[in-house]
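So the sequence lines, in the order shown, correspond to chains R and A. Residue numbering for the first sequence follows the UniProt record's numbering, beginning at 1 and increasing consecutively. Residue numbering for the second sequence follows the UniProt record's numbering, beginning at 1 and increasing consecutively. Every residue, glycine too, gets a C-beta built ideally from N, C-alpha and C. Since the model is a prediction, treat every value here as computed from it, not as a measurement.
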Amino acid sequence: MARLTRPRRALSTNPLKSSAPLGAAMAYLGIEGAVPLFHGAQGCTAFAMVHMVRHFKEAIPLQTTAMNEVSTILGGPDQIEEAIANIRKRAHPRFIGIASTALTETRGEDVPGELREILARRKDFGDLKVVYASTPDFEGAIEDGWAAAVTAIVEALVPERDPAHSETVARQVNVLPSANVTPAEIEEIDRLIRAFDLTPIFLPDLSTALDGHLAEDWSGRSLGGTRLDAIPAMAKSAATFAIGESMQGAARLLGQRGHMEVQVFPSLTGLRAVDSFVHALMALAGTADAPDAIKRDRARLQDAMLDAHFQTGGLRYAIAADPDLAYALSSALAGMGAEAVAVVTTSGANPIVELIPAEEAVLGDLGDLEAGARKGEASLLISHAHGRHAAQALGLPLVRAGFPINDRLGAQDICRVGYRGTRAFLFEVANAVLAHPHAARPEDFGAAPIDPEFDHDRPQTAPH
Amino acid sequence: MSDALKQTVQEAFNEPGCATNRAKSAEARKKGCAKPLTPGAAAGGCAFDGAMITLQPIVDVAHLVHAPLACGGNSWDNRGSASSGSMLYKTGFTTDLSELDIVMGKGEKKLYAAIREIVEKHAPPAVFVYATCVTSMIGDDIAAVCKAATEAFGTPAIPVDVPGYAGSKNLGCKLAGEMMYRHVIGTIEPERSTECDINIIGDYNLNGELWQIKPLLDRLGIRILGSLAADARYRQVAVMHRARVTMLVCSHALIGLARKMEETWGIPFFEGSFYGISDTSESLRTMCRMLVERGAPADLIDRCEALIAEEEAKARAALAPYRPRVEGRRVLLYTGGHKSWSVVSALQELGIEVVGTSVRKATENDKARVVQIMGDETHMYENMAPKEMYATLKAAKADILMSGARSQFVALKARTPWIDVNQEKHEPYAGYMGMVDLVRAIDRSVNNPVWEDVRRPAPWDDPRPATGLRLATQADPAPGPVNDPKEFEDC
């Protein structure tokens, strides 16, 4: 179980983190008809937008309050009001999610108060839901910003259910996925839940928004996501499931609003993790059995575990990822006999870090990943796309996980949750190992080379 | 089968170097040592397969399979013999005969052209041409084609006339040795000779096993002159007649070749093994003693003993940390021949219990060694049907199966750890360092948490009530609605 350490140094080399506002913007994009809005300078927004564009290969309708020197000094409420008005005019959103940035937080603004005033004054904004989350760049990472945005949405849009006067919808369940859950993974979780005849409401839902589909029209808003009318309806669900420890807070708040049970699943990757999720679904559905398709998926995962354990057993690897993702992948691999020789993560706010199966988790950067992998003699790296530099320097395979994956296509299709997703993940890791075979050489064993007199002196075909 | 081939097969069976054969009556000897194959219950490789296994590790030779696709196409690039030089042996060459080639009798012409293409494109030191059932049956004379090609292209084309239907894989190994004896060995003289030149026969350098041994030989000043066929060059096969001693590594099939080399060139041979600590030491001792008998400096024996003492101590020290991790584990060994006992003593030394060892393909000698090491015969068995093996493992009568790839899935499906100790394995386990690697592999396998996980009951088989979620509205889980499988989509 990992001890979180913070290296004492001034310099960050090859950052691992993406910033909190970016996480908030990504969460807002999982709401129907949304335009996320950064309260900050133009550049903050441009960088985050390009980052997401390159990861999802989609146009990202991220907007900015475009703070300039004067408005930064005098205060930004006018900028916010003007931004909302302009976005309304140009994109006709139904939802605007505002995320603060380091700039506005450093100045210190009472955005919630100002926002209340703006919305009270501007009756023409009445058709619009506006949510604000405080996400300074200098605190936490993508996971924290995402969680803050979801908490803000629950806070603003889910009313408290009166248990005396309104019934729960018995087979409806809320699911709050954390920032690392991909669109394909939401689909897989959705499938698992529906297999037990339960109906999930995902908040947010990237599976319809950033799954990569060709829309019929140019909207300038999010392309799908959680329906706005489904959000208040979450108060009536029978239970709330959080996927990832970082969603604990949002899930608790939602549980209070709806007076319902809350369960946090720190991971849905790995046989045990999925088993416990299925257990919960069976309990909620009131059944002691599971559909054949789920049973088959589990049996196939078991078989995949046996096939892959030859590669994962004794595998030494290094991982750099946000806490929930680092925990999910490393705990699944620990169950397969692999050893995390270096763990680097991004946020100290998430207690799951302590449960990562490693001696130490460094709150650090990709420089730490490279150094740790070298020191621990890792033979595989797991990290987002920027990990490729460390992989190249060390001559190791890289399994891409997290955000951003901007040097490959299909980041939205990566699915490592559920029985099927775990199976795919184990094959992915095993294949990465197999793709870097070590051809035995005499010198590996300290054997002298063969007497040159035996070698055929004519040219030979090149090794392949 | 041609008369010449029949004659060759007959001779191969009548092997005076083989103790089993000597013990037989004249009548039984004539029948040969291959058990008749039972249609519907045979699973072993054919003679062509055996020939290929024996010769393909000669790394700079082009191995050309004269056949319709299956023989070469379904078998090339499937073995882990390692090369320190040329990779030509990994290239799959076949004449890929078509229906028209066969019907119109174009096989020989195509073969001749194929040899030319190989020589022009790859310039190997030799081309080995493998006959197969179909080309043998339609009467392609590969010996004549090879002769013509050798003359025309100036590169030896060696006929390996061992079609699959000639018999078993084991027979194929024997015949491959015979082909080398007839066509290759003795065709080149080495540039220099030393008093410590040896031949190694029957090691295939799987994943570098030869190289786990070679440092020991290097330190003793022993040179591997000839090799069939671990990391071998063509020249090393051609100069085998000039070695002082031949070591036959775990190979009964090639004993005929070793005997013929002794008769023709006076090279004595011994059978040894590099699996296990004591076997490795014993092989080194024998090798040095025989070399000294043939004129090597007498101090070789003392140097050998010093090396053995040092290496054994090193290996034991390296093994010690694993002892607590593997002690008391029960191993079922399903390999056969020599390995039915050679690994046993090494495992026992680590406190591993060997609950059974198969004596397939084992000689009487091997069986006697099993009894000697394990106390009695109760742990010795011949064959075990997959079903029976599955039941044994499932009943947890063994913690780990060590076998070849064929029984891999029997073990895995019984949720039992499995270690590959046969030719398809991915790790080298030879010599002192190989033993440490083997025990490390056992540790890694039996102590992998995956076994506990795959044996866990599924949520729907778990008698315990579901934990974690207790809903106020559902104090007692109500019987659930029927789950509609139509809801599922396989994405």
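Looking at chain R, is there any beta carbon in it that lies within less than 7 angstroms of the beta carbon of residue i?
{"i": "residue 208 (chain A)", "result": "yes"}
{"i": "residue 475 (chain A)", "result": "Its pLDDT being 33, under 50, residue 475 (chain A) is placed unreliably by the model, and nothing is read from it."}
{"i": "residue 82 (chain A)", "result": "yes"}
{"i": "residue 78 (chain A)", "result": "no"}
{"i": "residue 197 (chain A)", "result": "no"}
{"i": "residue 461 (chain A)", "result": "no"}
{"i": "residue 215 (chain A)", "result": "yes"}
{"i": "residue 212 (chain A)", "result": "yes"}
{"i": "residue 125 (chain A)", "result": "yes"}
{"i": "residue 396 (chain A)", "result": "no"}
When the Cα atoms are used, what is the spatial distance from residue i to residue j?
{"i": "residue 405 (chain R)", "j": "residue 366 (chain R)", "result": "15 angstroms"}
{"i": "residue 121 (chain A)", "j": "residue 63 (chain A)", "result": "14 angstroms"}
{"i": "residue 89 (chain R)", "j": "residue 21 (chain R)", "result": "24 angstroms"}
{"i": "residue 74 (chain R)", "j": "residue 217 (chain R)", "result": "40 angstroms"}
{"i": "residue 335 (chain A)", "j": "residue 79 (chain A)", "result": "17 angstroms"}
{"i": "residue 1 (chain R)", "j": "residue 323 (chain A)", "result": "26 angstroms"}
{"i": "residue 377 (chain A)", "j": "residue 419 (chain A)", "result": "24 angstroms"}
{"i": "residue 469 (chain A)", "j": "residue 31 (chain R)", "result": "Its pLDDT being 47, under 50, residue 469 (chain A) is placed unreliably by the model, and the measurement read from it follows with that caveat. In a straight line, the C-alpha of residue 469 (chain A) is about 28 angstroms away from that of residue 31 (chain R)."}
{"i": "residue 216 (chain A)", "j": "residue 304 (chain A)", "result": "9 angstroms"}
{"i": "residue 284 (chain R)", "j": "residue 450 (chain A)", "result": "29 angstroms"}
{"i": "residue 49 (chain A)", "j": "residue 172 (chain A)", "result": "7 angstroms"}
{"i": "residue 409 (chain A)", "j": "residue 429 (chain R)", "result": "21 angstroms"}
{"i": "residue 143 (chain R)", "j": "residue 55 (chain R)", "result": "16 angstroms"}
{"i": "residue 281 (chain R)", "j": "residue 401 (chain A)", "result": "38 angstroms"}
{"i": "residue 279 (chain R)", "j": "residue 460 (chain A)", "result": "8 angstroms"}
{"i": "residue 332 (chain A)", "j": "residue 452 (chain A)", "result": "20 angstroms"}
{"i": "residue 273 (chain A)", "j": "residue 254 (chain A)", "result": "14 angstroms"}
{"i": "residue 363 (chain A)", "j": "residue 251 (chain A)", "result": "11 angstroms"}
{"i": "residue 476 (chain A)", "j": "residue 228 (chain R)", "result": "Low confidence applies to residue 476 (chain A): its pLDDT is 34, below 50, so where it sits in the model is not reliable enough to give any reading."}
Quick check: residue i and residue j, are their CB atoms within less than 7 angstroms of each other?
{"i": "residue 176 (chain A)", "j": "residue 51 (chain A)", "result": "yes"}
{"i": "residue 96 (chain R)", "j": "residue 130 (chain R)", "result": "yes"}
{"i": "residue 436 (chain A)", "j": "residue 318 (chain A)", "result": "yes"}
{"i": "residue 232 (chain A)", "j": "residue 442 (chain A)", "result": "no"}
{"i": "residue 413 (chain R)", "j": "residue 41 (chain R)", "result": "no"}
{"i": "residue 212 (chain A)", "j": "residue 433 (chain A)", "result": "yes"}
{"i": "residue 399 (chain A)", "j": "residue 330 (chain A)", "result": "yes"}
{"i": "residue 358 (chain R)", "j": "residue 340 (chain R)", "result": "yes"}
{"i": "residue 209 (chain A)", "j": "residue 405 (chain A)", "result": "no"}
{"i": "residue 157 (chain A)", "j": "residue 188 (chain A)", "result": "no"}
{"i": "residue 173 (chain R)", "j": "residue 198 (chain R)", "result": "yes"}
For residue i, which residues in chain A fall below 9 angstroms Cβ to Cβ?
{"i": "residue 337 (chain R)", "result": "444, 445, 447, 448, 449 and 450"}
{"i": "residue 96 (chain R)", "result": "Those do not exist, as residue 96 (chain R) stays about 33 angstroms from chain A at its closest Cβ, beyond 9 angstroms."}
{"i": "residue 295 (chain R)", "result": "458 and 460"}
Got a sec: is the Cβ-Cβ distance from residue i to anything in chain A below 7 angstroms?
{"i": "residue 456 (chain R)", "result": "yes"}
{"i": "residue 2 (chain R)", "result": "no"}
{"i": "residue 320 (chain R)", "result": "no"}
{"i": "residue 278 (chain R)", "result": "yes"}
{"i": "residue 450 (chain R)", "result": "yes"}
{"i": "residue 289 (chain R)", "result": "yes"}
{"i": "residue 313 (chain R)", "result": "yes"}
{"i": "residue 384 (chain R)", "result": "no"}
{"i": "residue 298 (chain R)", "result": "yes"}
Name the chain R residues whose beta carbon is nearer than 7 angstroms to that of residue i?
{"i": "residue 92 (chain A)", "result": "Under the 7 angstroms cutoff, chain R gives no residues; its nearest Cβ is about 12 angstroms from residue 92 (chain A)."}
{"i": "residue 499 (chain A)", "result": "Lying outside 1 to 491, the shown extent of chain A, residue 499 (chain A) is not represented and no answer is given."}
For residue i, return the contacting residues in chain R, with the cut-off set at a CB-CB distance below 9 angstroms.
{"i": "residue 428 (chain A)", "result": "440 and 445"}
At a CB-CB cut-off below 8 angstroms, which residues of chain R make contact with residue i?
{"i": "residue 433 (chain A)", "result": "445"}
Could you work out which residues of chain A lie near residue i, taking near to mean beta carbons separated by less than 7 angstroms?
{"i": "residue 272 (chain R)", "result": "453"}
{"i": "residue 224 (chain R)", "result": "Result: empty, since nearest Cβ-Cβ is about 18 angstroms, beyond 7 angstroms."}
Can you list the residues of chain A that residue i reaches, using a CB-CB cut of under 8 angstroms?
{"i": "residue 453 (chain R)", "result": "190, 191, 192 and 235"}
Residues of chain D with CB under 7 angstroms from residue i, in chain order?
{"i": "residue 309 (chain R)", "result": "Here chain D cannot be found, since the structure's protein chains are R and A."}
* Secondary structure, alpha helix (DSSP H): runs of 4+ residues fully inside the stretch 384 to 455 of chain A -> Fully enclosed alpha helix (DSSP H) runs of 4 or longer: 386 to 394, 408 to 413, 431 to 446 and 450 to 455.
* **Those runs of the alpha helix (DSSP H) which lie wholly inside the stretch 268 to 354 of chain A and span at least 4 residues** => DSSP runs (the alpha helix (DSSP H)) wholly in the stretch 268 to 354 of chain A: 277 to 293, 299 to 319, 323 to 326, 339 to 342 and 344 to 349.
* Asked: Can you list, in chain order, the stretches of the beta strand (DSSP E) that have 3 or more residues and sit fully within the stretch 381 to 406 of chain R?
  -> Runs found: 398 to 400.
* In chain order, which beta strand (DSSP E) runs of at least 3 residues are fully inside the stretch 106 to 168 of chain R? -> Listed in chain order, the complete beta strand (DSSP E) runs (minimum 3 residues) inside the stretch 106 to 168 of chain R are 129 to 133.
* Those runs of the alpha helix (DSSP H) which lie wholly inside the stretch 38 to 110 of chain R and span at least 4 residues -> Segments of the alpha helix (DSSP H) lying fully in the stretch 38 to 110 of chain R: 42 to 56, 69 to 74, 77 to 91 and 102 to 107.
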